[in-house]
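**Q** Numbering-wise, the sequence shown is residues 10 to 230 according to our numbering. Where a beta carbon is used, it is the ideal one built from N, C-alpha and C, also for glycine.
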Amino acid sequence: LSLFPDTGAISFDNTFKAVKLERNTAHGLVLDADSTDNEVRDSTISNNGQHGIFFGERAARNSIIHNNIENNGWVGMDPYAANFITKNSVKKNGLTGTTLRGGIILRNSNNIVLDNDVLENTGDGIAAGIESEGPLNEARIGNSIKENSTDKNTVFDLADYPFGKDFCDQNDWKSNTGKKLFEGCERNGGDPDDLFVVGNGTVGTSRFEFHAKRKRGGATK
Numbered sequence: 010l011s012l013f014p015d016t017g018a019i020s021f022d023n024t025f026k027a028v029k030l031e032r033n034t035a036h037g038l039v040l041d042a043d044s045t046d047n048e049v050r051d052s053t054i055s056n057n058g059q060h061g062i063f064f065g066e067r068a069a070r071n072s073i074i075h076n077n078i079e080n081n082g083w084v085g086m087d088p089y090a091a092n093f094i095t096k097n098s099v100k101k102n103g104l105t106g107t108t109l110r111g112g113i114i115l116r117n118s119n120n121i122v123l124d125n126d127v128l129e130n131t132g133d134g135i136a137a138g139i140e141s142e143g144p145l146n147e148a149r150i151g152n153s154i155k156e157n158s159t160d161k162n163t164v165f166d167l168a169d170y171p172f173g174k175d176f177c178d179q180n181d182w183k184s185n186t187g188k189k190l191f192e193g194c195e196r197n198g199g200d201p202d203d204l205f206v207v208g209n210g211t212v213g214t215s216r217f218e219f220h221a222k223r224k225r226g227g228a229t230k
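1) Could you spell out where the beta strand (DSSP E) holding tryptophan 6 opens and where it closes?
2) Based on Cα-Cα distance, which residue from Ile94, Ile113, Leu30 and Asn77 lies nearest to tryptophan 83?
3) Start and end of the beta strand (DSSP E) containing lysine 96?
4) Contact between the region 63 to 74 and the region 99 to 108 is defined here as three or more beta-carbon pairs at a separation below 8 angstroms; is this criterion met?
5) Taking only three categories from DSSP, how would you classify aspartate 166?
6) Mapping the DSSP letters down to three states, classify alanine 68 as helix, strand or coil.
7) If I follow the unbroken beta strand (DSSP E) through threonine 105, where does it start and stop?
8) DSSP three-state label for serine 158, please.
9) Give the DSSP-derived three-state secondary structure of leucine 40 in the structure shown.
10) Using the Cα positions of arginine 32 and asparagine 56, report the straight-line distance between them to the nearest angstrom.
11) Spell out whether any CB of chain B is found under 8 angstroms from the CB atom of isoleucine 135.
12) Less than 8 angstroms between the CB atoms is what I'm expecting for arginine 67 and serine 118, so what's the real figure, rounded?
13) By DSSP, does valine 28 sit in helix, in strand, or in coil?
14) Run through DSSP, which three-state label would aspartate 126 get?
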């Protein structure tokens, strides 16, 4: 199922509710470039050869709500910018992918990722960007990733990869649970105080600061 902006037309304001997009050789759903204000709700997107939901460039203001996105070959979904992703079950994706695989991979800025279950994916569970440099690593700032439950993803449950060797992204990670966390600023020498990531915790333990250093009252603690 594809929303293509052919001949200059733009696909917008479509609603998909309680549909099944299964067993396709490529993606389950394509929101192609400039597709905006679409809603996908209460649907099953599973066992597709590539992405569950593929977002083209500038595909924005789309809402992905309460769907089962499972067993897709590459990623469950790769939101581009300013999309709303909530209450989805994103499980066991990334079975055949190489560079881009996992649960929810944010490729750009200002997405809201709220209250999703992201479990048992091959690759990262929820990640801002990917580890390798290249065209998929665009400026990923201003994403809000909150109250998600992640576990048993094979690389990291929650990961924020820097754009460029010394640039730290500025995303808001709060009240997520996961056991394997990665904040790339520490690895690449960026300023850790540019990224305020607080309140994430591991399942079964008290919460802790995902980002250990934070300026308060002029001091770094």
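**A** The short version:
1) Outside the shown range of the chain (10 to 230) lies residue 6, about which nothing can therefore be said.
2) Ile113
3) Unbroken run through lysine 96: none, as it is neither H nor E.
4) no
5) coil
6) coil
7) Segment: none, threonine 105 is in no beta strand (DSSP E) and carries neither H nor E.
8) strand
9) strand
10) 5 angstroms
11) Among the protein chains of the structure shown there is no chain B, as only one such chain exists.
12) Not really, about 12 angstroms apart at Cβ, beyond 8 angstroms.
13) coil
14) strand
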